[in-house]
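Below: the structure, in structure tokens.
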Amino acid sequence: SAVISQKPSRDICQRGTSLTIQCQVDSQVTMMFWYRQQPGQSLTLIATANQGSEATYESGFVIDKFPISRPNLTFSTLTVSNMSPEDSSIYLCSVPGAGSPYNEQFFGPGTRLTVL
Amino acid sequence: AQTVTQSQPEMSVQEAETVTLSCTYDTSENNYYLFWYKQPPSRQMILVIRQEAYKQQNATENRFSVNFQKAAKSFSLKISDSQLGDTAMYFCAFLTDSGTYKYIFGTGTRLKVLA
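Those sequence lines, one after another, are chains B and U.
Residue 74 in the working numbering is what sits at position 74 of the first sequence, and the numbering runs on without skipping anything.
Add 116 to a position in the second sequence, counting from 1, and you land on the number used in the working numbering.
Spelled out as structure tokens, the structure:
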């Protein structure tokens, strides 16, 4: 299994500002994923972050809005830039399990973001 | 494109009873994986059960079992002897073996177990 922590756990921000969310894993992993979970809705993949390469963004998400860093195999950050109330969501990072990425993914506790 | 549909936004069940959560999906792939994840209130999401599409036998994990109907593209979760700790949001998820490792999640079913 993998133990994942995220900082901050929650934040309230003003529109137009930016917030950087940190994700720390207790083991080295090649792939990390960032998801958005809007209130009462499902999880939507924002991007896949591989160490040593640019993040791969899903349709509807762009690097200028959600820049991602992946400086090493245990850490990643997601920045939500120029925030608007529509960005109010829970943001989660996840990593595939050891052995096979098809076995399961482990999720962080999430960062609950409210934009006023 | 793959889609996952959970048609029951909310369900409730009495403690010790059995409940079934529905999930249907759409894909043109032949090899894939299906999952049920549980997200308890204010807690991290964890895996409940996993099914490989090429296996006909339904997966079971203690009180949790699935009814996997590949032709019908259906993947329901049965929880037996429901416990208060089963109260959570349950997400059905789909994953192809294409190498992208990209989950497609359903919209979730909020299950409440009543004492």
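Backbone N, C-alpha and C define an ideal beta-carbon position, used for all residues, glycine too.
Whole angstroms is fine: what's the gap from residue i's alpha carbon to residue j's?
| i | j | result |
| --- | --- | --- |
| B/L19 | B/S89 | 12 Å |
| B/C93 | B/M32 | 7 Å |
| B/G97 | U/A117 | 25 Å |
| B/R47 | B/F107 | The displayed chain sequence assigns Ala, not Arg, to residue 47 of chain B. C-alpha separation (whole angstroms): 14 Å. |
| U/F207 | B/E54 | 29 Å |
| U/K221 | B/T44 | Correcting the residue identity first, residue 221 of chain U is Phe in this sequence and not Lys. Each residue's alpha carbon lies about 7 Å from the other. |
| B/N118 | B/P67 | Only positions 1 to 116 of chain B appear in this structure, which leaves residue 118 of chain B out of reach. |
| U/T212 | U/Q172 | 17 Å |
| U/N174 | B/N103 | 16 Å |
| U/N178 | U/Y153 | 15 Å |
| U/S192 | B/P39 | 24 Å |
| U/L200 | U/Q155 | 14 Å |
| U/T176 | B/K65 | 42 Å |
| B/D11 | B/S59 | 26 Å |
| B/S69 | U/Q122 | 34 Å |
| U/F210 | U/Q130 | 29 Å |
| B/T17 | B/W34 | 20 Å |
| U/E168 | U/S190 | 13 Å |
| B/T56 | B/K7 | 22 Å |
Would you check if the distance between the CB atom of residue i and the CB atom of residue j is smaller than 9 Å?
| i | j | result |
| --- | --- | --- |
| U/T140 | U/A188 | yes |
| U/A132 | U/S198 | yes |
| B/P101 | B/S5 | no |
| B/Q105 | U/L163 | yes |
| B/T77 | B/Q37 | no |
| B/S84 | B/V62 | no |
| U/K194 | U/T134 | yes |
| B/Y91 | B/T74 | no |
| U/Y219 | U/F151 | yes |
Based on the DSSP output, what are the partners of residue i in its beta bridges?
| i | result |
| --- | --- |
| B/D11 | B/L113 |
| U/F210 | U/L150 and U/I220 |
| U/I195 | U/V135 and U/F180 |
| U/E168 | U/Y149 |
| B/Y35 | B/L45 and B/L92 |
| U/E126 | U/R226 |
| B/N50 | B/M31 |
| B/D153 | The question about residue 153 of chain B has no answer, for chain B in this structure spans 1 to 116. |
| B/Q105 | B/P96 |
| B/V62 | For B/V62, which the question treats as bridged, DSSP gives no partner whatsoever. |
Identify which residue in the options has its Cα closest to the Cα of residue i.
| i | options | result |
| --- | --- | --- |
| U/D202 | U/L227, U/I220 and U/Q118 | U/L227 |
| U/S138 | U/T225, U/P157 and U/L163 | U/T225 |
| B/V29 | B/T114, B/T111, B/G99 and B/R112 | B/G99 |
| B/P71 | B/G60, B/T17, B/G52 and B/N82 | B/G52 |
| U/T136 | U/T212, U/K218, U/F184 and U/F210 | U/F184 |
| B/E86 | B/L113, B/N103, B/D64 and B/Y35 | B/L113 |
| U/P125 | U/F210, U/A204 and U/Q173 | U/A204 |
| B/S9 | U/W152, U/Q160, U/Q130 and U/E145 | U/Q160 |
| U/S181 | U/Q130, U/S123 and U/S196 | U/S196 |
| U/Y170 | U/P156, U/E145 and U/T176 | U/E145 |
Rounded to the nearest angstrom, how far is the Cβ of residue i from that of residue j, given a contact under 8 Å?
| i | j | result |
| --- | --- | --- |
| B/V25 | B/V95 | 6 Å |
| U/L230 | U/S128 | 6 Å |
| U/Y149 | U/R166 | 6 Å |
| B/Q41 | U/T223 | 6 Å |
| B/A49 | B/S27 | Not a contact, Cβ separation roughly 16 Å. |
Is any beta-carbon of chain D found at less than 9 Å from that of residue i?
| i | result |
| --- | --- |
| U/K218 | Here chain D cannot be found, since the structure's protein chains are B and U. |
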